[in-house]
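Asks: Same order as they appear, the protein sequences are chains A and Y.
Under numbering that gives the first Met the number 0, residues 0 to 463 are what the first sequence spells out, in order.
Under numbering that gives the first Met the number 0, residues 0 to 204 are what the second sequence spells out, in order.
Positions of the beta carbon are idealized from the N, C-alpha and C atoms, including for glycine.
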Amino acid sequence: MRTLLDKLWDSHEILRRDNGASLLWVDRHLVHEGSHHAFAKLAERGLNVAEPSLTYGVVDHYAPTRGAPASPAIARMIETLKSNTQSHGIACFGPGDPRQGIVHVVGPEQGLTLPGLLIVCGDSHTSTHGALGALAFGIGATEVAHVLATQTVWQKRPKAMRIVVEGRFAPGVGAKDLALAWIARLGADGARGHAIEYAGAAVRGLSMEGRMTLCNLSIEGGGRFGMIAPDETTIAYVAGRPFAPSGASWERAVESWSALAGDADARFDREMSLEASEIAPIVTWGTSPEDALPITAAVPDPARLSEDKAIHVRDALDYMGLIPGQPLQSVRVDQVFIGSCTNARIEDLRAAAAVLAGRRAKVPGLVSPGSRAVKARAEAEGLDRIFAEAGLDWAGAGCSMCVAMNGDSVAPGRRCASTTNRNFRGRQGRGARTHLMSPAMVAAAAITGHLTDVRPLLEGRDAA
Amino acid sequence: MSGWTRHTGTAIALDLESVDTDQLIPARFMSTPRSEGYGQFLLHDLRRDTDGTMRPEVPLNRWPEASVLVTRRNFGSGSSREAAVYALVDFGIRTVIAPSFGDIFASNAVNNGVLPARVAPDLTAEMIARIGAGAVPAEVDLAARTLSVAGLSTGFDLDPVWREKLINGWDDIDLTRAHGTEIAAFRDRLSATRTWAFPAGGTAG
Chain A
0 MRTLLDKLWD
10 SHEILRRDNG
20 ASLLWVDRHL
30 VHEGSHHAFA
40 KLAERGLNVA
50 EPSLTYGVVD
60 HYAPTRGAPA
70 SPAIARMIET
80 LKSNTQSHGI
90 ACFGPGDPRQ
100 GIVHVVGPEQ
110 GLTLPGLLIV
120 CGDSHTSTHG
130 ALGALAFGIG
140 ATEVAHVLAT
150 QTVWQKRPKA
160 MRIVVEGRFA
170 PGVGAKDLAL
180 AWIARLGADG
190 ARGHAIEYAG
200 AAVRGLSMEG
210 RMTLCNLSIE
220 GGGRFGMIAP
230 DETTIAYVAG
240 RPFAPSGASW
250 ERAVESWSAL
260 AGDADARFDR
270 EMSLEASEIA
280 PIVTWGTSPE
290 DALPITAAVP
300 DPARLSEDKA
310 IHVRDALDYM
320 GLIPGQPLQS
330 VRVDQVFIGS
340 CTNARIEDLR
350 AAAAVLAGRR
360 AKVPGLVSPG
370 SRAVKARAEA
380 EGLDRIFAEA
390 GLDWAGAGCS
400 MCVAMNGDSV
410 APGRRCASTT
420 NRNFRGRQGR
430 GARTHLMSPA
440 MVAAAAITGH
450 LTDVRPLLEG
460 RDAA
Chain Y
0 MSGWTRHTGT
10 AIALDLESVD
20 TDQLIPARFM
30 STPRSEGYGQ
40 FLLHDLRRDT
50 DGTMRPEVPL
60 NRWPEASVLV
70 TRRNFGSGSS
80 REAAVYALVD
90 FGIRTVIAPS
100 FGDIFASNAV
110 NNGVLPARVA
120 PDLTAEMIAR
130 IGAGAVPAEV
140 DLAARTLSVA
150 GLSTGFDLDP
160 VWREKLINGW
170 DDIDLTRAHG
180 TEIAAFRDRL
190 SATRTWAFPA
200 GGTAG
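1) Write down the C-beta distance between A/V330 and A/V362 rounded to the nearest angstrom, noting that I regard them as a contact closer than 8 Å.
2) Confirm the yes/no value for this check: CB of Y/V160, any heavy atom of the ligand PLP, distance under 7 Å.
3) The alpha helix (DSSP H) with A/E43 in it runs from where to where?
4) Name the DSSP beta bridge partners of A/C120, please?
5) Helix, strand or coil: how does DSSP classify A/R303 here?
6) With 8 Å set as the bound, which would you pick, yes or no: does the beta-carbon of A/K158 sit closer than that to a beta-carbon of chain Y?
7) Does DSSP put A/E108 in a helix, a strand or coil?
8) Whose Cβ in chain Y lies nearer than 7 Å to the Cβ of A/K155?
9) Within the same chain, show all residues whose beta-carbon is closer than 6 Å to that of A/T283, passing over the 5 residues directly before and after it, in chain order.
10) Using only alpha-carbon positions, find the residue among A/G369, A/G390, A/L391, A/A379 that is nearest to A/C401.
11) Using beta carbons (cut-off 8 Å, strictly below), is A/F423 in contact with chain Y?
12) Could you say if the region 438 to 446 of chain A and the region 6 to 14 of chain Y meet the contact criterion of at least three C-beta pairs nearer than 8 Å?
13) From A/V237 to Y/G101, what distance separates their C-alpha atoms?
14) How is Y/G204 classed by DSSP in three states: helix, strand or coil?
15) To which residues of the same chain is Y/D156 closer than 6 Å at the C-beta, ignoring the five residues directly before and after it?
16) Give a yes or no on contact between the region 19 to 39 of chain A and the region 140 to 160 of chain A, applying the rule of three or more CB pairs nearer than 8 Å.
17) Answer yes or no: does any C-beta atom of chain Y fall closer than 8 Å to that of A/D461?
18) I'd like to check one pair, A/L117 with A/D26: are the Cβ atoms closer than 8 Å?
19) Contact defined as beta carbons within less than 8 Å: I believe A/D268 pairs with A/M0. What is the distance between those atoms, to the nearest angstrom?
20) Do Y/V95 and Y/M126 have their C-beta atoms closer together than 8 Å?
21) Whole angstroms are fine: how far does the CA of A/R460 sit from the CA of A/A353?
22) Verify the CB distance criterion: does Y/T52 have a CB-CB separation below 8 Å to chain A?
23) Determine whether the Cβ of Y/P58 lies closer than 8 Å to any Cβ atom of chain B.
24) Assuming Y/R5 is part of the beta strand (DSSP E), what are its boundary residues?
25) Can you give me the C-alpha to C-alpha distance between A/K40 and Y/F104, rounded to a whole angstrom?
26) Find the nearest neighbour of A/P323 within the set A/A296, A/D307, A/G406, judged by alpha-carbon distance.
27) Buried or exposed for Y/A184, please, with buried defined as at least 16 other CB atoms from any protein chain shown within 10 angstroms of its CB.
28) Taking contact to mean at least 3 C-beta pairs separated by less than 8 Å, is the region 91 to 110 of chain A in contact with the region 185 to 200 of chain A?
29) Pull out every residue of the region 392 to 426 of chain A whose Cβ sits closer than 8 Å to any Cβ of chain Y, in chain order.
30) Is it the case that the Cβ atoms of A/L134 and A/L7 are separated by a distance below 8 Å?
31) Hey, which unbroken runs of the alpha helix (DSSP H) at 4 residues or more fall wholly within the region 359 to 432 of chain A?
32) Does chain A have any CB closer than 8 Å to the CB of Y/G36?
33) Does DSSP put Y/S76 in a helix, in a strand, or in coil?
34) Which residues mark the beginning and the end of the beta strand (DSSP E) in which A/M226 is found?
35) When you compare each of Y/N73, Y/M29, Y/R5, Y/T145 to Y/R275 by their alpha carbons, which one comes out closest?
36) Can you list the residues of chain A that Y/L189 reaches, using a CB-CB cut of under 8 Å?
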């Protein structure tokens, strides 16, 4: 009668207080430059890191993508992480290390992320790692300090929610569209207080990269946790990765992972079902990920909405510089960005390249692979040449223009078609206007210079 | 962090929904040491023109004594940056009243002594209407789980674990270290039964 969530939770619960708060064991703690507040808290109290060998540092938020750091303040953030990890005996994948990249790309890629583990990181997109069947969630700086000091975290068990997706995706439609579709339906706080398990034939049919995109975006629908039960796809992905178990240990691991799937009669507090074939390519038009519509639709008209809803729509359209009722495909973009922990894995780059091959972009754009390993692989496949020949910049790995901390940003008032996760006001830079969509849809916008349905551009091509 | 049970202060309204943590503190300020004070960064781009001039019509600029913020749904969504809470705390905000909060934000708020009080959307809308661009007296009683703003009194939703924590002002690290024996026993059991859960090349013993 237990769900995947229950099994993961129970196997990490050290104790539970009468008020319902569980003390959980942390198998992997990933830290990045933003963890400086937590290391400072530790230093204030003179505490050591409890389990340095279960803690890994990754330079990503401030990582330069084109040469040297853009400012002394940015260089200092990277240096601070390096010195904090070094003084506590923690491995750190810094600039120059071939394992460097975005923490949520690097964890799975290096085999640090495994099914059945509990993984935390001071970043809300930690839900990404749930794609492998891990219990993974983002925490704040106070909690990061707590994990550093004790290798445990206090947490109340969330409610269990299941999103079941049956059927098959149409060509040019995938995990990003699915995620934006359910968030548009339930709202950006729709899964608040819940851990989401994704299930159904369409989810099982996704590659690990697609599953990571789906779980990554859980937080944009309010869910701190996203997860998918491990299966053959998961096990094949993990096998042979640098930090993954091998030999007899691997055999025991696989046996343990095979028992993780929820029981057939397990109950969920909430369920939602979707049909994959009914999902079209989706773009956002507003300033919240819930402001999402199929590319064939038009910008909402506040005059046709209840006053309750109209307030937000008016504010969002004013910020975005859009006209009510305007077809989404008529919205011109100034630039594009392909990158982030959501959509910068090898499969994402292949999907964008499949659309761009042999074509020229009408607007400038930046492509930042999710990790140095992804970058190397893409270059080996010749994808970098496709991007360059299309007129896009091929840069280094990091969070880059998704969060605009490293100096890569969108200028005020400029409109960017972006594979990232947040279309918040000012997210990509003060006054920047962000439209979220899949890598294939960003490639289509680059070619035409406006929001575009990618499906006709894929005719006669393999959608990768 | 010190605990508290009652707060008497001044409430202002922020008539927006989904005020995410990127708005609460834009990323470009996050390399600043906390010792410099984060209150100046709170909702920076909403409070200031692009040339840095304070917008006088913004209630946060008019009422620097504000300690209670009433706003709309999905407050604190997005990034886990605790700096968003530091900005609220350093400005002087002790309680945020909204129909819903981002889960990670709410947890961070409690860890810094800030109450994320959930109140039904019709009531928060009424409070926002009554406050307008002004400032009104506000009272919060954590023990009774009640609050009163602009003459409207109501209960509020808060996880009992969080209420206990706000009242006691507990430091979790001390609380957890008191369980050192149980944690060590759990780890021993893990390293005996789940060797695969330790990174290859790491120490399992």
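Replies: In short, the structure shows the following:
1) Position 331 of the first sequence, counting from 1, holds the residue named residue 330 of chain A. Position 363 of the first sequence, counting from 1, holds the residue named residue 362 of chain A. Wrong, their Cβ atoms sit about 12 Å apart, outside the cutoff.
2) With respect to the ligand PLP, the structure shown offers nothing to examine, as it has no ligands at all.
3) As a first step, residue 43 of chain A must be located in the first sequence, where it is residue number 44. Where A/E43 is concerned, the enclosing alpha helix (DSSP H) stretches over 35 to 44.
4) Translated into the one-based positions of the first sequence, residue 120 of chain A becomes position 121. In DSSP, A/C120 forms a bridge with A/L29, A/G137.
5) Within the first sequence, the letter at position 304 stands for residue 303 of chain A. Residue state, collapsed to three classes: helix.
6) Position 159 of the first sequence, counted from the first residue, corresponds to residue 158 of chain A. So, not an interface residue.
7) For the purposes of this step, residue 108 of chain A is taken as the residue at position 109 of the first sequence. A/E108: helix per DSSP, three-state reduction.
8) One-based indexing of the first sequence puts residue 155 of chain A at position 156. Result: D158, V160.
9) What you label residue 283 of chain A is simply residue 284 of the first sequence in a count that begins at 1. So the list reads D290, A291, N422, H434, L435, once near-sequence residues are dropped.
10) Position 402 of the first sequence holds residue 401 of chain A. Residue A/G369 is the option with its Cα nearest to A/C401.
11) Along the first sequence, read from residue 1 onward, the residue named residue 423 of chain A stands at position 424. It does: the Cβ of A/F423 has a partner Cβ on chain Y nearer than 8 Å.
12) no
13) Taking the first sequence and counting its residues from 1, one reaches residue 237 of chain A at position 238. Taking the second sequence and counting its residues from 1, one reaches residue 101 of chain Y at position 102. So the two alpha carbons sit approximately 32 Å from each other.
14) Within the second sequence, residue 204 of chain Y is the residue found at index 205, counting from 1. For Y/G204, the predicted model reports a pLDDT of 36, less than 50, meaning its position is unreliable; a value from the coordinates is still stated below. Of the three classes helix, strand and coil, the one that applies to Y/G204 here is coil, per DSSP.
15) By 1-based counting over the second sequence, the position of residue 156 of chain Y is 157. Hits under 6 Å: R117.
16) yes
17) Sequence index remark: in the first sequence, residue 461 of chain A carries index 462 (1-based). By this cut-off, A/D461 is not an interface position.
18) Here the question's residue 26 of chain A lines up with position 27 in the first sequence. Here the question's residue 117 of chain A lines up with position 118 in the first sequence. Going by C-beta atoms, A/D26 is nearer than 8 Å to A/L117.
19) Taking the first residue of the first sequence as position 1, residue 268 of chain A is located at position 269. Taking the first residue of the first sequence as position 1, residue 0 of chain A is located at position 1. At roughly 14 Å, the Cβ-Cβ gap does not stay under 8 Å, so A/D268 and A/M0 are not in contact.
20) Working through the second sequence from its first residue, we reach residue 95 of chain Y at position 96. Working through the second sequence from its first residue, we reach residue 126 of chain Y at position 127. No, the pair does not count as a contact, with Cβ atoms beyond the cut-off.
21) Residue numbering aside, residue 353 of chain A sits at position 354 when the first sequence is read from its first letter. Residue numbering aside, residue 460 of chain A sits at position 461 when the first sequence is read from its first letter. So the alpha carbons of these two residues sit roughly 7 Å apart.
22) Position 53 of the second sequence holds residue 52 of chain Y. Closer than 8 Å: no.
23) Judged by its chain identifiers, the structure shown contains no chain B, and its protein chains are A and Y.
24) Residue 5 of chain Y sits at position 6 when you count from the first residue of the second sequence. Counting along the chain, the beta strand (DSSP E) containing Y/R5 begins and ends at 5 to 13.
25) Here residue 40 of chain A corresponds to residue number 41 of the first sequence, with the count starting at 1. Here residue 104 of chain Y corresponds to residue number 105 of the second sequence, with the count starting at 1. If I take the Cα positions, the gap works out to 19 Å.
26) Looking up residue 323 of chain A in the first sequence gives position 324. Of the candidates A/A296, A/D307, A/G406, the one whose C-alpha sits nearest the C-alpha of A/P323 is A/A296.
27) What you label residue 184 of chain Y is simply residue 185 of the second sequence in a count that begins at 1. Answer is exposed; the Cβ neighbour count stays below 16.
28) no
29) V402, A403, M404, P411, R421, F423, R424, G425, R426
30) Reading the first sequence from its first residue, position 135 is the one you call residue 134 of chain A. Reading the first sequence from its first residue, position 8 is the one you call residue 7 of chain A. Yes, these two residues count as a Cβ contact at 8 Å.
31) 371 to 379, 382 to 389
32) Stepping through the second sequence from its first residue, residue 36 of chain Y is reached at position 37. Closer than 8 Å: no.
33) By 1-based counting over the second sequence, the position of residue 76 of chain Y is 77. It is coil, neither helix nor strand.
34) Locating residue 226 of chain A in the first sequence gives position 227, counting from the first residue. For A/M226, the uninterrupted beta strand (DSSP E) segment begins and ends at 224 to 226.
35) For residue 275 of chain Y there is no data in the structure shown, the boundaries of chain Y being 0 and 204.
36) Here the question's residue 189 of chain Y lines up with position 190 in the second sequence. Going along chain A in sequence order, the residues near Y/L189 (Cβ under 8 Å) are W24.
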